[in-house]
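Undergrad:
Protein chains: 4
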Amino acid sequence: MRTARPTGSPPADANAAYKSPPRADGAPPGRPAQGRELRAQGRRTLRRLLDAGLRVFARRGYHAARVDDIVRAARTSHGTFYLYFSNKEDLLRALAVDCAHQLTDLAAAVGPIGADAAGRRELRSFLDRFLDTYRRYGPVIRAWMEDQVGDRHVDRLGVRAFTAIGDRLALRMRESSATPPAGEAAAVGALMAMLERFSYGVASGRIDADEPTMLETLTTVVHRGFFGAPAPSIAG
Amino acid sequence: MRTARPTGSPPADANAAYKSPPRADGAPPGRPAQGRELRAQGRRTLRRLLDAGLRVFARRGYHAARVDDIVRAARTSHGTFYLYFSNKEDLLRALAVDCAHQLTDLAAAVGPIGADAAGRRELRSFLDRFLDTYRRYGPVIRAWMEDQVGDRHVDRLGVRAFTAIGDRLALRMRESSATPPAGEAAAVGALMAMLERFSYGVASGRIDADEPTMLETLTTVVHRGFFGAPAPSIAG
Amino acid sequence: MRTARPTGSPPADANAAYKSPPRADGAPPGRPAQGRELRAQGRRTLRRLLDAGLRVFARRGYHAARVDDIVRAARTSHGTFYLYFSNKEDLLRALAVDCAHQLTDLAAAVGPIGADAAGRRELRSFLDRFLDTYRRYGPVIRAWMEDQVGDRHVDRLGVRAFTAIGDRLALRMRESSATPPAGEAAAVGALMAMLERFSYGVASGRIDADEPTMLETLTTVVHRGFFGAPAPSIAG
Amino acid sequence: MRTARPTGSPPADANAAYKSPPRADGAPPGRPAQGRELRAQGRRTLRRLLDAGLRVFARRGYHAARVDDIVRAARTSHGTFYLYFSNKEDLLRALAVDCAHQLTDLAAAVGPIGADAAGRRELRSFLDRFLDTYRRYGPVIRAWMEDQVGDRHVDRLGVRAFTAIGDRLALRMRESSATPPAGEAAAVGALMAMLERFSYGVASGRIDADEPTMLETLTTVVHRGFFGAPAPSIAG
DNA sequence: GATGAATGAGATTTCATTCAT
DNA sequence: TATGAATGAAATCTCATTCAT
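Chains as they are written, first to last, in my numbering: chain A, 3 to 238; chain B, 3 to 238; chain C, 3 to 238; chain D, 3 to 238.
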C-alpha cells in the first residue's frame, strides 16, 4: 500500500541521477551475428565467447581487455570472434542486453521497504539479489558506471536499467518518508553509487568480509540511511 | 724446457678469453623530473603538464587518455612531456603523491562525529572538503578505485591514503557506537564506496542537483546510516 | 546489548576494505613465435623474416638496423614482424640460437692439428668452414664480438659458443706444445680475435683477395703462429 | 737495413686490406668549432668534452652513445656541446684526427723486424705501443673497424692511418721473407685484424691476463706467424 | 563454421639538434 | 661562454580488424 506523497516534486526527475554524462560522438553499430540462425555448435561457440568476455572484462576492465585475450580465453580464434560480433563493443552490447534484463526484473520485484523489520527483509533480499547480479554482470555495470562505453545504444541500455532501479527505489523512499523530496535525486544517486561500488569491492575482492556479515551491515546502513529505520538506542 | 702436458681436460680459465665484458650502463633511458633542478620556466611547464594531465584524465579517464591529448592540452610538445615524465604512469604518480597528501591531511582533520547537531556539522564539513578534493583530484582517485593503476608504487599510495581516511572514519563510527564491530570493515567499505562514487557522479555531472541540497542530503544519509543520527519522526 | 568500546587503536583489519585487488594478469603483451604452432604459410613468413634479418644486419649492422628495414626486406608488414618476434633483439636471439649450434658443431669437429702437413690440412678445413659459417651468420657473431647485445641470454649463447671453439683450439694448441701454458688464454684470445675480424673483413669486402690465396695465407699464418709449424727456410 | 724485395708484386695494393667498405651516401660536414680562438676556459671545456666523448664511446660504443651521456659525463650542457661541435660525428672527427696522428707516428717508428731476438724486441715494442694507443683511442679505432662512421672524411682518416701501419708492416714482412708476396694483402689483413680485436679484448676486459704474459704471448705468436721466427724445437 | 595469418592506423618513446636567456 | 628548455622527426610497438584457406 502506497501512502500519498506529501509534497509535489515531479518524480520524473529522479532518474536525472543516472543520465549519461555529456558526450559528443557517434559510433557506427556492428554488422554480423544478427540474422544468423545458429546450430548447436554455433550456439556453444557463442556462449563460450560471451563467458570469456565476461571473465576477461572482469579481470582487465572493458577498455583494457584485448580481443586477443577474449579469444584465447574462449579457446577460439580471431576470425571466429568476428563471425559472431562485429567488434568488441558489440560483444559488450550483447552482454549489456542480458544484464539490463536482469536489472529491470530486479527493479520490478522490489516491494515496499518500510522502516520496520518487514521492510528490512525486503531490502536485504533486494541487496542480496543485486550482489548476485553484480557477481555475474559486474564488468558490464562497471563499464556503464565508469563511463567506458562509447556506443550510444549500449550506454542507453545502462541508463534505462539504472533508471528503472533508481525510480523504484525512489518510490520506496518516498513511501518511507525518510528523505525530503528536494533531495530525492541526490539520495537516489548516493544509494546507487554505494550499491554499485560496494558490489564492485566485494566482487573484486577489495572488500573482504564474510558474506552474511557484509550483507547484514550493508542492509543496516541502507535501511537507516535511506529508509528511516531507527538508530540504535542511545544506550547502545 | 717445457714438458709436454697430457691432453687432459682444459684448464678452467681457458675460456676467460671470451667472457662478456663488464657492463657499466648507468641510468636507463627515461630520466624524468626527479634529479633535475628546475628554473622558473621549467616549473611553469611542469605545472602546465600536471594541470593538463588532470584535465585530460578527467575528461577521458586515465586509461583512455593519450599522451598526445595531454601534450596538446598543455600546449607543448611530445618531447617536452618525456623531459618531465618517463611516461603517462609517471605523470599519474606525480599527481597521486599530491592527492595522497591532501587526503591524508583531510583524514587527520576529521573530528568526532556524534549523532547530534555538532556531529552533523563536523560530518558535513568533512564531506564538503572531500568533494572539493575530488573536484580537483577526481581522476587520480578514480584511477585508484577503478583499478586502472598498473604501477605498484602508485597503487600503494592510494591504498595508504584511503586507509588513512577509512581508519579515521572507523574510529569515529566506533565512538558513535552505531555499527556493530563485526561489520566495521564492511561499513567502512560501504561508506568509502558511496563517498567516492557519489563524488564522481557530482564531479562528472551524472548526478546533478544544486550544491547545497546535494550536500545536505548526503550528510543526512551518512549521518543516519553510519553515525546513529535518529531517523525523522514517523510523522516525517 | 552492546557495550561501548574505548576509542583505542583501530582494529588491525579495518583497512582490509581498501586493499588492492588480487591481480591475475597473465602474459604481458609481446608473445612471439614460441608457443605458436606454425603452418606452412607461417613457417614461410618466419623464414623470410629470419633471412631478411640476417641480410639487413649484415648490411647495416645489428644496432643500426631498423625493424622497418627488415620488414621491407621480408616484404611483409610491421604488425607481422611483431607476430613472430617481440622485438629486434628477439629476432637476434632466434638467429643466435642457430648460429651457436653451428659453431658448437664446428668446434666438436676440429681434429688434432699437428705441425705437419696433416695438421695443416685439418686447420685449413676448419678455417674454411669457419669462414663459411661467418658468411651466413656474420652479423650475429659481430653482434657478439662488438658487444652490441643487451640481452643477457643472447650474450651467454655467444660466450658459450666461443668458449666451445676456444677450448677446443686450446686443446689442440696444447697438444702441439707450441705455446707456453701460461699464455694459453691470451693465445686463444688472439687467435679467436684474428679469426673473427679477418672473417668480417673478408665477408664485408674490406679484405679482398681471391678466396684460395686468402685461405692459404690465413692457414699458413695460424699454423706457424699457434701450432708450431716451422718457419720457411731462410733461403725462403 | 732493408734487403731487396725478391719478387715484384706492387706494394701499392697492400693497403687494399684497409679500404672502406662499399658505401653510398654523403654526409654534410659540421659547422662551428673551426675558426674559434679559445681562451683558457674554453680550452678546458673542449678538453672535458673530448675526454667525456672518449669515455662514453668506450662504454657504449660510438653509435649507441647519446649526446646526453657525453654532456653529462663532461658536466656541461647540450647547448655547450653544440658550441664546440656541430654534431656527434664532429666530435668523433676531432678525436679521429688525434688518433690518426698517433697511429701514423707509430707506423713511422716501426723498425725492421727480423726473425731474430732483435726483431722480436722491435715487434714487442711496437705491439706495446699499439696497445697503449688503443687503451686511449680504442673507441675511435673501433668505430673505424666496425664501420660505424657515416662521415666520409672521418672514415678516410681511418683508412689512411691503417694503411700507413699496414704498409709499414707489409714492408717489414717482405723484408723478413716469411710470407709469399701473393698473400701479402691477406696476411696484412689478418695481422691488423688480430691486432685491433685483441687490443679491444684487452681494453674492454674481455681478455684478461696479466699484462706481461699477454704481451709476450702476442709477440711470440705474431713473430712466428708473420715474421718467420722459428717454431719451438720439436723436443719443446 | 572455423582458423591462422596479415595488416596498418595510431600510440608511445627516443634523441640529435635548436632556441632563448 | 654557458645553460636549461623545447622541439619534431624517426623509431618502436600494440591491437582491432580483415583476409585467404
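We treat Cβ as the ideally placed atom computed from N, Cα and C, and that holds for glycine.
Looking at the secondary structure, which residues open and close the alpha helix (DSSP H) in which D/Glu148 lies?
TA: D/Glu148 -> no alpha helix (DSSP H), and no H or E assigned at all.
Undergrad: Tell me whether D/Ala188 sits in a helix, a strand or coil according to DSSP, three-state version.
TA: D/Ala188: helix per DSSP, three-state reduction.
Undergrad: Can you find at least 3 beta carbon pairs, one from the region 184-194 of chain D and one from the region 179-193 of chain C, that sit closer than 8 Å?
TA: At 8 Å Cβ cutoff, the stretches do not touch.
Undergrad: Going by Cα to Cα distance, which pick from C/Ala205, C/Phe229, C/Ala180 is closest to C/Asp134?
TA: For C/Asp134, the nearest C-alpha among the options comes from C/Ala205.
Undergrad: Using alpha carbons as the reference points, say which of D/Gly207, D/Glu198, D/Thr221, D/His155 lies closest to D/Asp92.
TA: Ranking the options by Cα distance to D/Asp92, first place goes to D/His155.
Undergrad: Alpha carbons only, please: which of A/Lys90, A/Asp212, A/Glu177 is nearest the one belonging to A/Ile115?
TA: It is A/Glu177 whose Cα lies nearest to the Cα of A/Ile115.
Undergrad: Closest Cβ-Cβ distance between A/Leu129 and chain B: below 7 Å?
TA: No, A/Leu129 does not count as interfacial toward chain B.
Undergrad: Between which two residues does the alpha helix (DSSP H) holding B/Ser178 run?
TA: 154-178 is the span of the alpha helix (DSSP H), which, as asked, contains B/Ser178.
Undergrad: Which same chain residues, not among the five before or five after C/Leu129, have their C-beta less than 8 Å away from its C-beta?
TA: Excluding sequence neighbours, C/Leu129 sits near Leu197, Leu217, Leu220, Thr221, Val224.
Undergrad: Taking 8 Å as the threshold, find out whether the region 56-66 of chain A comes into contact with the region 38-48 of chain A through three or more Cβ pairs.
TA: With the cut-off at 8 Å, the region 56-66 of chain A and the region 38-48 of chain A do not touch.
Undergrad: Let me confirm a value: A/Val151 is counted as buried when at least 16 other C-beta atoms fall within 10 Å, else exposed. Which label applies?
TA: So A/Val151 counts as buried.
Undergrad: Between A/Ser201 and C/Phe83, what straight-line distance do the alpha-carbon atoms span, to the nearest angstrom?
TA: For A/Ser201 and C/Phe83, the distance between alpha carbons rounds to 43 Å.
Undergrad: Would you mind giving the Cβ-Cβ distance between A/Arg74 and A/Ala231, rounded to the nearest angstrom? I have them listed as a contact below 8 Å.
TA: That pair is no contact at about 48 Å.
Undergrad: Does the distance from the C-beta atom of A/Ile72 to that of A/Ala54 stay below 7 Å?
TA: Yes, these two residues count as a Cβ contact at 7 Å.
Undergrad: Residues of chain C with a CB under 7 Å from the CB of B/Ser22: which are they?
TA: Per Cβ cutoff of 7 Å: Asp157, Val161.
Undergrad: Between the C-alpha atoms of B/Asp157 and C/Gly207, what's the straight-line distance to the nearest angstrom?
TA: Going by the C-alpha atoms only, they are around 56 Å apart.
Undergrad: According to DSSP, is C/Thr135 helix, strand or coil?
TA: In this structure, C/Thr135 counts as helix in the three-state DSSP scheme.
Undergrad: Can you give me the C-alpha to C-alpha distance between A/Pro141 and B/Ala60, rounded to a whole angstrom?
TA: Roughly 21 Å between the two C-alpha positions.
Undergrad: Within 7 Å (strictly less), CB to CB, does C/Pro31 reach chain B?
TA: Note that C/Pro31 has pLDDT 38, beneath the 50 cutoff, so the model's placement of it is unreliable and the number below is only indicative. Answer no: the Cβ-Cβ gap between C/Pro31 and chain B never drops below 7 Å.
Undergrad: Count the other C-beta atoms from every protein chain shown that fall within 10 angstroms of the C-beta of C/Asp212, then say buried if there are 16 or more, exposed otherwise.
TA: That one is exposed.
Undergrad: Could you give the DSSP three-state label for A/Gly227: helix, strand or coil?
TA: Helix.
Undergrad: Classify D/Arg122 as helix, strand or coil using the three-state DSSP reduction.
TA: Three-state result, D/Arg122: helix.
Undergrad: Could you tell me the distance, in whole angstroms, from the CA atom of C/Pro31 to the CA atom of A/Val69?
TA: The pLDDT assigned to C/Pro31 is 38, lower than 50, so where the model puts this residue is not dependable; a value taken from the coordinates is nonetheless given after this. So the alpha carbons of these two residues sit roughly 12 Å apart.
Undergrad: Spatial neighbours of C/Arg137 within its chain, please: C-beta separation below 6 Å, excluding the five flanking residues on both sides.
TA: Excluding sequence neighbours, C/Arg137 sits near Ala205.
Undergrad: Taking only beta-carbon positions, decide if D/Val58 is within less than 7 Å of chain C.
TA: Judged by the 7 Å Cβ criterion, D/Val58 is not in contact with chain C.
Undergrad: Just to make sure I have the definition right: I need the residues of chain D whose C-beta is within less than 7 Å of the C-beta of C/Glu198. Which are they?
TA: Under the 7 Å cutoff, chain D gives Arg199.
Undergrad: Within 10 angstroms of its Cβ, does A/Leu56 collect 16 or more other Cβ (buried), or is it exposed?
TA: With 16 or more Cβ atoms within 10 Å of its Cβ, A/Leu56 is classed as buried.
Undergrad: Which runs of the alpha helix (DSSP H), 4 residues or longer, sit entirely within the region 61-120 of chain C?
TA: Whole alpha helix (DSSP H) segments, 4+ residues: 69-75, 80-86, 90-110.
Undergrad: By how many angstroms is the C-alpha of B/Ser22 removed from the C-alpha of C/Leu159?
TA: Going from the Cα of C/Leu159 to the Cα of B/Ser22 covers about 11 Å.
Undergrad: If you count every other CB in all the chains shown that lies within 10 Å of the CB of C/Leu171, and 16 or more means buried, which is it?
TA: Buried.
Undergrad: Give the single residue among A/Phe228, A/Val161, A/Ala109, A/Thr215 whose Cα lies nearest to the Cα of A/Ala180.
TA: Answer by Cα proximity: A/Phe228.
Undergrad: Are the beta-carbon atoms of C/Thr106 and C/Ala163 separated by less than 7 Å?
TA: Yes, Cβ-Cβ distance for C/Thr106 and C/Ala163 is below 7 Å.
Undergrad: Report the rounded CA-to-CA distance for B/Arg49 versus D/Cys101, giving the unit in angstroms.
TA: The alpha-carbon atoms of B/Arg49 and D/Cys101 are separated by roughly 48 Å.
Undergrad: List, in chain order, every chain B residue whose beta-carbon is nearer than 7 Å to that of A/Ala66.
TA: Per Cβ cutoff of 7 Å: His65.
Undergrad: Write down the C-beta distance between C/Ala117 and D/Ala117 rounded to the nearest angstrom, noting that I regard them as a contact closer than 8 Å.
TA: Not really, about 17 Å apart at Cβ, beyond 8 Å.
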